[in-house]
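full-length UniProt numbering applies: residue 1 is where the sequence shown begins, and numbers increase by one.
C-beta: ideal position from N, C-alpha, C; glycine also.
In this text, all values refer to a predicted model and were calculated from it rather than measured experimentally.
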Amino acid sequence: MIKLKPRKRYDIAPLVGIDGQLDSAMKLLDIQSNDDVRYIGIHGMGGIGKTTLAKFVFNKISARFDCSTFLENVREIAAHHGIEYLQETLLNGLDPKLTRQLDLHEKIKKSFCKRKVLIFLDDVDGWEQIEKLAGKSTWFGSGSRIIVTTRDKDVLVIGEEKLNEDDVWHLEMGTLNPDDALRLFSIYAFQKESPPPAFRELSEEAVSVTGGLPLALMVIGSLLHNKDGRVWKDIIDRSLVKISDDDRIWMHDQLRDLGRDLVREESLNDPKKRSRIWAREEAMQVLMSKEENENPEGLRLNYHVDGDRWRLKRIGLIGSLKKLRFLDLGMVVLQQDFKDRLPNLRWLCWRPRDGNKGRSVSKFCFLPDPFGHVPVFISMNLVILDFSSSHISEKWEGWSQLQNAKNLKVIDLTEAICLERTPNFPTGMTLERLILARCKCLVSIDSSIGNLRCLRYLNLEQCDSLCGLPEEFSLLENLTEVVVTKTRIKSFGFPNSIHNLVQLKCVKLNNLELGNLVNSLDAIGELKLLVELDLGGTRIVELPQSIGGLENLKLLLKGCEALKALPDSMGGLKSLVKLDLSGTDIIQLPDSIGRLQSLEEVYLTQCKQLRQLPESLGALGKLKKLEAQSADLLKGLPSEMSGLSSLISMDLSRSRVCQLPSSIIHLSHLQSLRLHGCYRLEDVPDLPPSLTLLDLRSNSPKEDNALLVSIRSKLTLGLCLPESLRDLTIRDCQWLGCMPDISHLKNLVRLNVSWCPCLIEIPGLGKLTHLQHLGIDYCDSLRKLEKPQNLKEPIKVHFIGCDKLSRRSYREWKVPTTIAMGIDTGEEEANILESILVSGCLDFVITNGRANVQVSDLLGKSVLLYFSTYQSPSCYALFLKLVEAYHEKKAKDEAFEVIFIPFVHDRVAFKKYFSRMPWLALPFDDPRILSLFSKLEIHDIPKLVALGPRGQIITEEGRSLLEAYGADAYPFTDDHIEDMVNSCPEKLPHALHCHELQLTPWVHYTCDDCQEMGSVWSYYCCMCDFHLHPQCALREGKLETNQSTRRRTSPKSENPRSEHEIQPNAEFE
C-alpha cells in the first residue's frame, strides 16, 4: 500500500503539446521501481518548458516518496547566495526537523541513505551544484529520483568520482509544433484554444516570432489579451515580465539576458555610461572612477564569497551617483552615513551577513559595539527596504528615521536572526508589506504595529519564538493577508477584536503545532470577505460554528490529524469548491454538506475513523471528484447517487465499502472507478455507459473474501461491462475461472487479469482491435489465448508464469514489440533458449579465446544472462560475487553457464573487460544485444536473468538472490529459495547488532554489513531498521548462536581465484 504524503503543490501553466514528453519523463522515472536511484536530466534551451514540465511531474508523483523538495533557480541562487545556502534549503525542504550543523554536505550524504527521496534541481548550469546537493546515488535510498533541468546536457557528469553511467537518464525538450504553439498562444490571448477569424493572421505572426517557445507564447499571449488590433504589432516586438501569485516580479532568465544585452548596447566599452550595472568588476570600475557620473540608475555590488568582501570606506563613491534608484549592496561593509546623498533612491537591498555560513562580515553587524557602526540612510523617497538575511536588530539607530520615510511601502526582514522585537512604527507611515518570515528570535510584535493603517500583507512564517499578536493588530483595517505558518510555538492567539479586520481575505495558519486555535477563530465568521483559510497540518480539534457565515471561503484542512468533526454551519460555505480532509481524524461529515452546491472536489484519503458518507452527499450536482482511498473504516455510500450528475472520478480503494448502490448506473459522466483492495465489497452493480477505467484488483488478506466470491459469480453470469471501457483491471482474483465475452469492448486499450490462477480463457479477446497492453502474468490455468486481429497499434504482452499456455498460442502472439516470457510447455521445449539467443545466422556465443560455441550446445544447462558494463562500481561489485559463485558451482555442476551481454560502446574496453571473465559472451556490437535489452525489458544494469534447463525464464532477480545467498541461490527457483529459507533459523543474535534478528520477507533493502542491495528475505530488526543478507547473517565468525547452521558461502581458500578474476582498477570503480 502506498502511503500518500501531503506535499507542496505548484500552480503551473496549461500543458499544451508536451504530452509525449510527459509520457517519456514518467517512463524514465519509473516510480514503481525501487531497484535503483535515478538521475533524470531534462535539457533544452531557455523558455522551452523544462520547469513547467518538472513542476507538473512534481505535483503528480511527490506524494509517493518519503520526502521531496523542489529547488528553483539553482543557477541564480548559487551565484547570489552560494552553494551552502542551497544545501540548507535542500535539507529544510526534505526534512525541516533535521538539526543544523556546520558540515551541510555531510548532513545531506548521511541523512537520506535509507529514505526514498524526490529532488528537483531547477535551472542547473554546472556539475559542482549537483555534486554538492546530490552528488552520489549512494546518498539516497533505493527508488529515489533526482531530476535536473538544465540548458546543458553535460552537467550530469559521468565518471570515476562522479555519477554512474547506469544511473543517468536524459530527456531533451523540443519546441512546440505550429499547431500546438497557436493553441497555447490562443489560451492566453483569447481564453480559448483557437483565435477568432479576424485575429488569425495576427496570431500566426505572433506565434512565428516566438520560435515555438512556451514561455514566450504565454507572455506575449497574456499581453495581447483584450488589446486592440492596432497595438498588436508593437506588443509582439516586446517581451515583458510576469507577476506571480504572491505579487513578486518574475522574469525568465532568457528575457533577463536579453534585457542585459540591451543595457550593454548603451555603451559597449564604458560601463559608466550605462543605466544599470550588475557585474562586480564593472561596478568597481565605476565606483573607483574620479569622474562625475550621473548615468547609472541601478547598481549591484555582488560581494558575497570569502575573499571578495569589500569595505567601502568612501561613501562618496556611491553618493556621486545622483540618479541611483536601485542599490543592492550585497555584503559590502559601510563605515559612513548615506544620509541625504541618494535623494532618488527607491529600492535598497543590503544583506551584510554571510547567508552561506550564517555569520556576519568581520566588524559588521546590526548590533551595538563591539560589532561596529551601522550607517543610517533611510531617505524620504525610499519605497523598498530589504534587510533580509541580515543581523539587524531592534536596536539599530536607523529605525528612528522611519518617520521620514513617507513613501516606504515594503520592509523585508526575512531571516533577520537577531531581531527580537519589531521596531517602533511611527504614525503616518504608508507601509503596505511587512515580511518577518523565519525571524527565529522574534518574541513580540510592538504595539505600534497598529499605526500601519495601510498595511495589506503581514508574513510571520516560521517565527518560532513568537507568542502572539498585540491587541493593536485589530487596527490594521486594510490588512488583506496574514501568514503565520510552520511555527513551533506552543501557544498562539489572535486578539479578540480580529473581527475588525474587515478587509481580510487570506489567513494562512498551516502547520502550526498547536490545537487551541479554535478560541482565536471564534469571531472569524464576521470576516465576510475572507476567501482563503488554510489550517492544514494544525492540531485543531474542531472548527467554530461561525465559519458557516463565510460565503466566499476556500477552506484547507488537509493533514489536520486531530480534527474530529465539522460544524453543521459548513453548509453555508456557498462558494466552497474543494474540501480536502485527507489525513484528518474526522468521524462523520455533517448532513449540511449537501448544501455546498459549488463543491467540485472532495478528498477523504486516509480518514481512518470515517465510517459512513451522508445521504446528502448524493445531491452535489457539481461534484467532479470523490476520493476516499485508505479510509479503513468506511463502509457506506449514499444509497441515492444519481444526483452526482457531474461526477467524473471516484476512488474507494482500500476502504471497507460493502456495496455500491444501484443508482451508480445513472452517473452519466463517471469515467474512472477504482475499487482496488475493497475486499469486503459484496456486489458489483451495472455500471454507467460513460466508464473508461475500472479497477477491481483484490489485494485481499483473505483468500475467500467477499469481493472474490462476488466477482466470480458476477463474471460467471456475464457481467455487462460498458462498451466505453479503455482500461480494465481484474487482478488477484483467486477463484475467477471464466471471463465474460468481452468482444463488445471495442475501445479497450489496456487489460490486466494477472494472478488469476483459475482463469482458463478470455472469450472475445480476438475482437479487441485497439488493445495495446495485456497483462496475464501467473494465470497458471490459462490454456488458450486468442490473438486480436487487425490491431491498430503494436501490442505489449506480459505472460510470465503461464505454464499451461500452448506453444501454438505463443507463436500466434509473436510480434516484434511483444514481450513473451516464462512459457513452459512440453512442446518444442528445446527451441525456447534458441528463440531468446538465436537470430538468423547468429546462433553462437563466444569464449575468451574467441572460439564459437553453438547455442544448441547449451540446451539442458542452467544459464545466467549477465547484463553489465564497465566503469560502474555496482557492476564491478556484482562481478566479484559472480566470479566466486561461478567457480564454486562450475566445480560441482558442469550444466551451468553464464553469458555476458555487454553494454559497452568501445571495442577495446570490451576486449579488456571480457578477457578477465571465465564465461561466455555475445560478441561486441552483436545486434542480438539490443534485441535482448528490448525483449527482456532491461532498464537497469547490472542485471542477472536466470534461465532453466529448458530455456524458460526462472527469475529476473538473479542479482538480488546472488547478493543475498551467494552461490547457494543456484538454481534460483522459487522452490529452492523457499527450501533455503526453511533451513535458516527464524531468529538469531549477531555480533553486529545488539538485538535479536528476525528472518523477514522484504522487497528491497541494503545490508548493513556488506552495504549491498538485497531482496526477498532479510534478517531484520524492526526497532532499529537493521538489515542483514541471510548470507552475511550466517557467515562464520559473526554468528552468535548455538544453533547448528550450515554455511551460506564457501571460504575463499576453497575457491582460489581464477586468472580471469578482475582486480580493482580505475576502469571498474
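- Beta bridge pairing from DSSP links Asn-852 with Ile-846.
- Comparing C-alpha distances from Leu-859 to each of Lys-881, Leu-842, Leu-878, Glu-834 shows the shortest one belongs to Glu-834.
- Inter-residue distance for Asp-19 and Thr-175 is about 13 Å (C-alpha atoms, whole angstroms).
- In the structure shown, Glu-956 adopts coil according to DSSP, grouped into three states.
- Judged by DSSP in its simplified three-state form, Pro-638 adopts coil rather than helix or strand.
- The three-state secondary structure of Val-117, taken from DSSP, is strand.
- Note on geometry: alpha-carbon atoms of Ser-142 and Asp-66 lie some 11 Å from one another.
- For Ala-946, the uninterrupted beta strand (DSSP E) segment begins and ends at 943-947.
- Apart from the 5 residues on each side of it in sequence, Tyr-188 sits with its Cβ closer than 6 Å to the Cβ of Met-218, Gly-221, Ser-222 in its chain, given in chain order.
- In terms of Cβ geometry, Ile-449 and Glu-481 do not form a close pair [threshold 8 Å].
- In this chain, the alpha helix (DSSP H) harbouring Arg-928 covers 927-935.
- Closest in C-alpha terms to Ala-54, from the list Tyr-39, Phe-70, Gly-46, comes Phe-70.
- Here Val-155 is actually not in contact with Leu-163; their C-beta atoms are around 10 Å apart, not less than 8 Å.
- When secondary structure is reduced to three states using DSSP, Thr-51 falls in the helix class.
- The beta carbon of Glu-294 sits closer than 6 Å to those of Lys-322, Lys-323, all from its chain and outside the five residues before and after it, given in chain order.
- Assignment of beta-bridge partners to Phe-896 by DSSP yields Ser-862.
- Tyr-39 has Ile-146, Val-168 as its beta-bridge partners, per DSSP.
- DSSP places Ala-921 in the strand class (E or B) of the three-state scheme.
- Taking a 10 Å sphere around the C-beta of Leu-98, we find fewer than 16 other C-beta atoms and assign the residue as exposed.
- Per DSSP, the unbroken beta strand (DSSP E) holding Arg-674 starts and ends at 672-674.
- Per DSSP, Ser-388 is not a residue of any alpha helix (DSSP H), being assigned neither H nor E.
- Contact check for Leu-667 against Pro-688 passes: the beta carbons are separated by less than 8 Å.
- Fewer than three beta-carbon pairs drawn from the stretch 81-95 and the stretch 29-46 are found closer than 8 Å, and the two stretches are therefore not classed as touching.
- Cα atoms of Arg-260 and Thr-150: separation of roughly 21 Å, rounded to the nearest angstrom.
- Here DSSP, grouped into helix, strand and coil, assigns Thr-1000 to strand.
- Annotated as distal: Leu-589 and Ala-631, with beta-carbon spacing of 8 Å or more.
- Arg-300 and Ser-465 have their C-alpha atoms roughly 34 Å apart.
- Buried is the label assigned to Ser-186, since at least 16 other Cβ atoms lie within 10 Å of its Cβ.
- Judged by beta-carbon spacing, Lys-440 lies within the 8 Å limit of Ile-417, meaning their Cβ atoms are closer than that value.
- Under the three-state reduction of DSSP, Ser-62 is assigned to helix.
- The shortest CA-to-CA distance from Ser-546 to any of Cys-1024, His-499, Lys-564 is the one to His-499.
- Taking all protein chains in view, the Cβ of Asn-177 is surrounded by fewer than 16 other Cβ atoms within 10 Å, so the residue is classified as exposed.
- In this chain, the alpha helix (DSSP H) harbouring Asn-92 covers 83-94.
- Of the other Cβ atoms in all chains shown, fewer than 16 fall within 10 Å of the Cβ of Asp-975; this residue is therefore exposed.
- In this structure Leu-765 is not in contact with Leu-728, their Cβ atoms being roughly 12 Å apart against a cut-off of 8 Å.
- By the Cβ rule, the stretch 956-965 does not count as touching the stretch 984-1001, because fewer than three pairs are nearer than 8 Å.
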